[in-house]
Each structure stands twice: as C-alpha cells, then as structure tokens.
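2 protein chains.
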Amino acid sequence: MLSFQELSAQFNQSFDTKHFPAAPNTLYAPGEYFLTIGGKRIRPVMCMMGNELFSDIHSDAFVVARAIELFHNFTLVHDDMMDEASLRRGMPTVHTKYDVNTALLVGDVMLIRAYEFLQNIQPSYLPKILKIFNRTAREVCEGQQLDMDYAKMETVTMDEYIHMITLKTSVLLAASLEIGAIIGGAGEKNCEHLYEFGKKIGIAFQIQDDYLDAYGNAADFGKEVGGDIKQNKKTFLLLHALSVANATQKEALAFQLKNEDPQKVEKVLTIFNECGVGAWAENLKAKYLQEAFDHLESIAVVSARKQPLIELANYLMNRNK
Amino acid sequence: MLSFQELSAQFNQSFDTKHFPAAPNTLYAPGEYFLTIGGKRIRPVMCMMGNELFSDIHSDAFVVARAIELFHNFTLVHDDMMDEASLRRGMPTVHTKYDVNTALLVGDVMLIRAYEFLQNIQPSYLPKILKIFNRTAREVCEGQQLDMDYAKMETVTMDEYIHMITLKTSVLLAASLEIGAIIGGAGEKNCEHLYEFGKKIGIAFQIQDDYLDAYGNAADFGKEVGGDIKQNKKTFLLLHALSVANATQKEALAFQLKNEDPQKVEKVLTIFNECGVGAWAENLKAKYLQEAFDHLESIAVVSARKQPLIELANYLMNRNK
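For the record, the sequence lines run as chains A and B. Every position in the first sequence, counted from 1, becomes a number in the working numbering once 192 is added. Every position in the second sequence, counted from 1, becomes a number in the working numbering once 192 is added.
Written out as structure tokens, the structure is:
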C-alpha cells in the first residue's frame, strides 16, 4: 500500500506529459501552459486513494484521475475569467497571458478532453462513473453560479454559504474518492461513507481557503491575499463577522461591501480580528474534520488501509499554501 | 418509415420540455431561454435519420439527439460571446440578455448536461458513441479556434478554410448521422459512408451559410446580414473573390479588411458581385452535394430508406434561412 506522498509522486509522474494533440497550437499550447503551472493535484490523488482503500491500484484509476484533474483545471480557467483574476499559482491566468476568447475555448476543450480520457475505462463501470462525473460537474457549475449570485446579494445565511461551497468545492473531492472506490470494487455503503468523508473534508478545506485568502502569505499562497475581500465575497469569515459584529462594526462592514476603498482589505481584516474570526474558523474547521473522520471510521476496511487518507486530511489542514 | 418532416416533428415534440433542474434559477433559466428561441434542430433529426436508415427508431436515438442539440447550443452560446454577436435567431444572445459570466457558465453546464443525457443509453454502445461524441466535440472547438485565428491572418488558402469549416461545422453533422446509425445497428462500412455524406453536406451547408450571411434577408436569416464581412471573416466568398479579383479590386478588398469603413458591407458586396462570387458559390455547393449523394448511394440499404436523407439535403440546400 502506498502513502499519500507516494501516490502523489506516482500521479505527478504520470501527469507530466502532453494532454492535447499538437494542432491547432493556438488552442492547445495555452491548455498545456495552464497544466504545467502546477497545482497540488489533490483531486486525482484522492481518486487513487479511493481505489487503494479497497484494492491495489488499477490502471483505470490513473486515467480517471487525469480526467478529474483536467476537469478541475477547466473550472479554474473559466473561474479565473469570471473572477477577473490575473494570477493563479503565482503565474498569469490563461485569459491574461493569451486572451479572453482563447481562455473560453481552452476551458471548453479541457472539459471535453476530460471526457475523452474517461471513455477509455472498463465498460463494466463506465456508465456508473460517467454518471457521478456528470452530476458532480454540473454541481460544480451550480456552485460557481451561486458564488457569483451571493456576491451581489445583501445577505447570505451560513446555510446558504455552506450549500454553495459544498457544490463548488466539496462534491468534486467527494466524487474523486468515490469514483476511485468504484474502480477499487467498493460496495455501496462504503462508497457513501467515503463520499461523505470527502464532502466534510471539502468544507473544512474551504474554511481553510477562506482563512488563507484573508490571512495567508501572498508568496506562499500563489495568489493575491485579500482577493475575496476586494470582490465582496461572502466567505465563512465575513458571514461570521457579520453575525457577531456590534453596530459600529456592522456599519463599517456594510460600508466596505458597498464602496471601493483602497484600504478595504486592511479595514475589513481589522474588524475580522476584533470579532475573533480566526479562532472561530479554526474551531469550525475542527468540527468538520471530526465529522469526516467519523465517516472514515465507518468504512468497513482494516484501519491500516485508511492511513493515507488520514495523512491527506492532515496535509490539507495544516497547509499554509 | 418516417419522412424528414415527420422526424423533425417528433423530435421537436420530445424536445419541448425543461432541460435543466429548477435551481439555481440564475443559471438554468438563461439555459432554458436559449433553448426555446428556436433553431432548425437539424443535427438531432440527422441522428434519428441515421438510426432510421437501418432500423426502426430506438428510444436511445431521442436521448442522443437531445444530447447533440444541447452540445450544439453550448457551442452557439460560447461562439456568440467570442463573436460579440448580439442576436441569434432574431433574439438576444445569452451574454446580451444576461451577462458574460452567466453565458460562460450556461454554456459550460449545457455541455455537461449533454453528457448527462448520453450516460443513459445502452451500455453496449455507450463507449463507442461516447468516443465519437468526444472526438467530434473537440474537433468543433478546434474549428472555432481556427476560425478566430484565420480572422487575424493576412491570407488563408481555400484548403485551410475547408479544413476549418469541416471541423467547425461538418463533423457534427457527420457524427450525428453516424451515432444514429450505430444505434440503428449499422456496420462499419455503412457508418463510414454515412459519415462522409454528412461531412460533404456540411461543407455544402457552410457554403450556403457564407452566401446567406452576405446575400440573405436579415428578417429571414435571423441575424445581421454582412456580419462575416464586418468581422473580416475569411469565408468561401471572400477567399474566392481574393483569388479572382483584379489588382484594383484586390487593393480595395485589402483596404476593407484593414479598416473600419461604415460602408464596408456595401463596398465588399459590390466587389463580390463584380467577381461573380454568387454563381461560383452555387457551383461549388453543387459539387459537394454530388459527392455527398455518391456516398449515400454506396450505403448498402434499399434506396427507399434513403429518401428522408435526400429530402433533408434538398431542404438544407434550398433554404433561405
């Protein structure tokens, strides 16, 4: 059985290749560019871990893992366009380095390419995996739409926010694990627990991500710190601050959400600190992490096999980038 | 056996339904909007015709036809963004009626929804059909990229142009027929001839489309006439005009391609007329149509079964919208 690190190394090695045909270069070179600027490759490794939880890694796990990573990168290329983000992992985004039309089409063809890899897996589980992949892909789009909608709304409840980030972030992590588990021959109940483990980890991961966007180090984080604040995004931090702030703080936050203040990030962070948002976020993250581990506990395999997933969770939760 | 008109009516009836879940409405209402503004539904009907050429229509043909029409509409939503087109079928495009970010995501989720319909077909031919669908989808993106590239290039050969429109337009028509044929139980050789029939029809169709963009009636055509000329698109008409024009005409065309003249459409059309571009296009269309019919002739089924495809070709070639 391989550790999380070993699985990562294996996947990264297999992924270090061309992902598109050579021509037309104007379409595929930007696609290859985006895939070489790095990334943690968490989702494909989770797919392999899902497989390994139940049996030795099947070659299809690499194929599906690749499809999942391409899908994820498709969402990043298009999300960067929607967010008007100039940097991703410290490098220019596709629409910045090339142009908007190219980025649009690069995203499209990356999504199609993901399906092109999927087509090659064993026909016995192709329909089942395709179904999960499709539903998840659609949910991720729904999450992105809700994210944009929420940015324009006056108020968003914590439940609405959790629903949105479940769609936007968690379901893909959960599906990556589940699809791997199907390749590994897992039964339905085990698949369900693994999916829930992934979902909870995903929410904890998003709490961390929101935290890092506000409190991370720009160089480590690979993108501008305070981006969410600048874009008036309803994050875990902002929603909590709004719910516990006093009248003065609430007014100041409301003002910042409606105006373009050059010191917006600094001022919002000051209120976050006054509201103890950092410690609250740490606690909430721990709660979801515990729920994730409870589901992992319920999966009917010997606990030694679960070790790589525990390593993964710890890696994700202690990351500073 | 059903005629082209009857198959169209059957498909249109089956397609007159909601194609997305209810929520989030901000994502799916714009998707439903675009699918209700009409369209000729040629591709899905071709899928059904491919099936019917070999056997009675299987319910999977409706499912795949629907996926194909959703795929086609995904390309239209994104193409309209890239072309900055404000109208489609006489109605506001998605990015015009809503906004660019919504249109981007509506296109994405429409593509995913196409795959979501595909997942439900018989597992026995799912891998084969998925493979053709994926390759075709990728080729359509390649065609769109080449189309954008060519708009920026000084010169494009007729061969390059035909390669581009084969990818952008023909392969989807060809694949629609072939996928239908697979559902109908066709053998490999028959599939190949049917695919080639579709490809040739597609090129003839594009010649017609280029012609109508320059010479069509705006009300019938449902989009602005002269759009290609305004965008300096290398069309069949322009490439031919450039190849037969005298020095004065060439200079005038070159000037128009480089400048924003408010009378651009009128002036370019005058040169087109002087060069006899209209009659030339009619001849070229007839040549591709003949090649298409030669392939249809080679398909090993009784000729009565081919009648709907002949009706289709005639419908497409005599259309004025």
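Glycine included, each C-beta is placed from N, C-alpha and C at the ideal position. Treat the numbers as computed from the prediction; the structure is a model and nothing was measured.
> Is the shortest distance between the beta-carbon of M187/A and the beta-carbons of chain B less than 7 Å?
Replying inline: What the structure shows of chain A is the stretch from 193 to 513, and residue 187/A is not part of that stretch, so it cannot be assessed.
>> Just to confirm, is the Cβ distance from Q337/B to K360/B under 7 Å?
In response: The residue labelled residue 337/B in the question sits at position 145 within the second sequence. The residue labelled residue 360/B in the question sits at position 168 within the second sequence. Contact: no.
> For P213/A, which of helix, strand or coil comes out of DSSP?
Replying inline: Counting from one through the first sequence, the residue named residue 213/A turns up at place 21. Correct three-state label for P213/A: coil.
>> I'd like to know whether the C-beta atoms of N243/A and G376/A end up nearer to each other than 7 Å.
In response: What you label residue 243/A is simply residue 51 of the first sequence in a count that begins at 1. What you label residue 376/A is simply residue 184 of the first sequence in a count that begins at 1. Their beta carbons are under 7 Å apart, which means N243/A touches G376/A by this criterion.
> Taking the alpha-carbon positions, what's the G418/A to D272/A distance?
Replying inline: Stepping through the first sequence from its first residue, residue 418/A is reached at position 226. Stepping through the first sequence from its first residue, residue 272/A is reached at position 80. Going by the C-alpha atoms only, they are around 15 Å apart.
> Is there a Cβ from chain A that is less than 7 Å from the Cβ of F433/B?
Replying inline: To locate residue 433/B, count along the second sequence from 1; it is residue 241. One point to set straight first is that residue 433/B is Ala, not Phe, in the sequence displayed. It does not: the Cβ of A433/B has no partner Cβ on chain A nearer than 7 Å.
>> Could you tell me which whole alpha helix (DSSP H) segments of length 4 or greater appear in the segment 331–371 of chain A?
In response: 350–357
> Should V469/A go down as buried or exposed, given a rule of 16 or more other Cβ atoms within 10 Å for buried?
Replying inline: Counting from 1 along the first sequence, the entry for residue 469/A is found at position 277. Burial call: buried.
> If you compare alpha carbons, which of Y225/A, K422/A and F325/A is closest to C239/A?
Replying inline: Taking the first residue of the first sequence as 1, we reach residue 239/A at position 47. Checking every option, the nearest Cα to that of C239/A belongs to F325/A.
> Per the contact definition of three or more C-beta pairs closer than 8 Å, is the segment 248–266 of chain A in contact with the segment 263–281 of chain B?
Replying inline: no
> Taking a cut of 7 Å between CB atoms, which residues from the segment 258–289 of chain B lie near chain A?
Replying inline: H270, M273 and M274
> Straight-line CA distance for C467/B to G408/B?
Replying inline: Position 275 of the second sequence, counted from the start, is the residue given in the question as residue 467/B. Position 216 of the second sequence, counted from the start, is the residue given in the question as residue 408/B. Using only the alpha carbons, I get a separation of about 18 Å.
>> I'd like to know whether the C-beta of N293/A is nearer than 7 Å to at least one C-beta of chain B.
In response: Taking the first sequence and counting its residues from 1, the one referred to as residue 293/A is at position 101. Yes, its Cβ sits closer than 7 Å to a Cβ of chain B.
> Any idea what DSSP makes of M238/B, helix, strand or coil?
Replying inline: Locating residue 238/B in the second sequence gives position 46, counting from the first residue. In this structure, M238/B counts as helix in the three-state DSSP scheme.
> What are the complete beta strand (DSSP E) segments, minimum 3 residues, inside the segment 416–474 of chain B?
Replying inline: none
> Should the segment 416–432 of chain A be called in touch with the segment 467–486 of chain A, which here means at least 3 C-beta pairs below 8 Å?
Replying inline: yes
> Which residues of chain A have a Cβ atom closer than 9 Å to the Cβ of D341/B, listed in chain order?
Replying inline: Residue 341/B sits at position 149 when you count from the first residue of the second sequence. Within chain A, the residues near D341/B are P216, T218 and L219.
> Can you tell which of Y317/A, R327/A, L364/A and N265/A has its C-alpha closest to the C-alpha of F309/B?
Replying inline: Here residue 309/B refers to the residue found at position 117 of the second sequence. The candidate whose alpha carbon is nearest that of F309/B is R327/A.
>> For a contact defined as C-beta to C-beta under 7 Å, what are the partners of N326/A on chain B?
In response: Reading the first sequence from its first residue, position 134 is the one you call residue 326/A. By Cβ distance, chain B contributes I304, Y307, E308 and Q311.
> If the cut is a Cβ gap below 7 Å, which residues of chain B does K477/A touch?
Replying inline: Locating residue 477/A in the first sequence gives position 285, where the first residue counts as 1. Result: empty, since nearest Cβ-Cβ is about 26 Å, beyond 7 Å.
> Which whole-angstrom value is the C-beta distance of K426/B and H487/B, which I expect to be below 8 Å?
Replying inline: For the purposes of this step, residue 426/B is taken as residue 234 along the second sequence, with counting starting at 1. For the purposes of this step, residue 487/B is taken as residue 295 along the second sequence, with counting starting at 1. About 27 Å; that fails the 8 Å criterion.
> According to DSSP, is R281/A helix, strand or coil?
Replying inline: As a position in the first sequence, residue 281/A is number 89, starting the count at 1. Reduced to three states, the DSSP call for R281/A is coil.
>> Counting only Cβ pairs nearer than 8 Å, list the residues of chain B close to C333/A.
In response: Within the first sequence, the letter at position 141 stands for residue 333/A. The contacting residues are L219, L297, D300, V301 and I304.
> The alpha helix (DSSP H) with S200/A in it runs from where to where?
Replying inline: Residue mapping note: residue 200/A aligns to position 8 of the first sequence, counting from 1. Run containing S200/A: F196 to F207, per the alpha helix (DSSP H) assignment.
>> Going by DSSP, what residue range makes up the alpha helix (DSSP H) through L157/A?
In response: Because chain A spans 193 through 513 in this model, residue 157/A falls outside it and cannot be assessed.
> For A306/A, which of helix, strand or coil comes out of DSSP?
Replying inline: Taking the first sequence and counting its residues from 1, one reaches residue 306/A at position 114. Correct three-state label for A306/A: helix.
> Is the beta carbon of D341/A less than 7 Å from the beta carbon of T218/B?
Replying inline: Numbered from its first residue, the first sequence carries residue 341/A at position 149. Numbered from its first residue, the second sequence carries residue 218/B at position 26. Yes, Cβ-Cβ distance for D341/A and T218/B is below 7 Å.
>> Here's the rule: buried if 16 or more other CB atoms are within 10 angstroms of the residue's CB, otherwise exposed. What is A439/B?
In response: Along the second sequence, one-based indexing puts residue 439/B at 247. Looking at its Cβ environment, which holds fewer than 16 other Cβ atoms inside 10 Å, A439/B is exposed.
> With distances taken between CB atoms, is the gap from N180/B to L449/B smaller than 7 Å?
Replying inline: Given that chain B is displayed from residue 193 to residue 513, the structure contains no residue 180/B and the question cannot be resolved.
> Out of A396/B, R497/B, Q441/B and Q499/B, which has the shortest C-alpha to C-alpha gap to Q482/B?
Replying inline: Along the second sequence, one-based indexing puts residue 482/B at 290. Looking at the Cα atoms, A396/B is the closest of the given residues.
> Where does T209/A land, buried or exposed, given buried means 16+ other C-beta within 10 angstroms?
Replying inline: Residue 209/A sits at position 17 when you count from the first residue of the first sequence. Exposed, by the Cβ-count rule.
> Nearest to D291/A by CA position, among A366/A, L508/A, S278/A and L303/A, is which residue?
Replying inline: Translated into positions along the first sequence, residue 291/A becomes position 99. Minimum Cα distance to D291/A is reached at S278/A.
> Can you give the Cα-Cα distance for F428/B and G394/B, rounded to whole angstroms?
Replying inline: Taking the second sequence and counting its residues from 1, one reaches residue 428/B at position 236. Taking the second sequence and counting its residues from 1, one reaches residue 394/B at position 202. Rounded to whole angstroms, F428/B to G394/B spans 13 Å at the Cα level.
> For H250/A, which of helix, strand or coil comes out of DSSP?
Replying inline: Here the question's residue 250/A lines up with position 58 in the first sequence. Residue state, collapsed to three classes: coil.
>> When you compare the CB positions of E503/B and F196/B, do they come within less than 7 Å of one another, or not?
In response: For this step, residue 503/B is matched to residue 311 along the second sequence. For this step, residue 196/B is matched to residue 4 along the second sequence. Closer than 7 Å, so yes.
> So is K513/A buried or exposed if we call it buried at 16+ other beta carbons inside 10 Å?
Replying inline: Counted from its first residue, the first sequence places residue 513/A at position 321. Note that K513/A scores 45 on pLDDT, short of 50, meaning its location in the model is unreliable; the coordinates nonetheless yield the value given after this. Flag for K513/A reads exposed.
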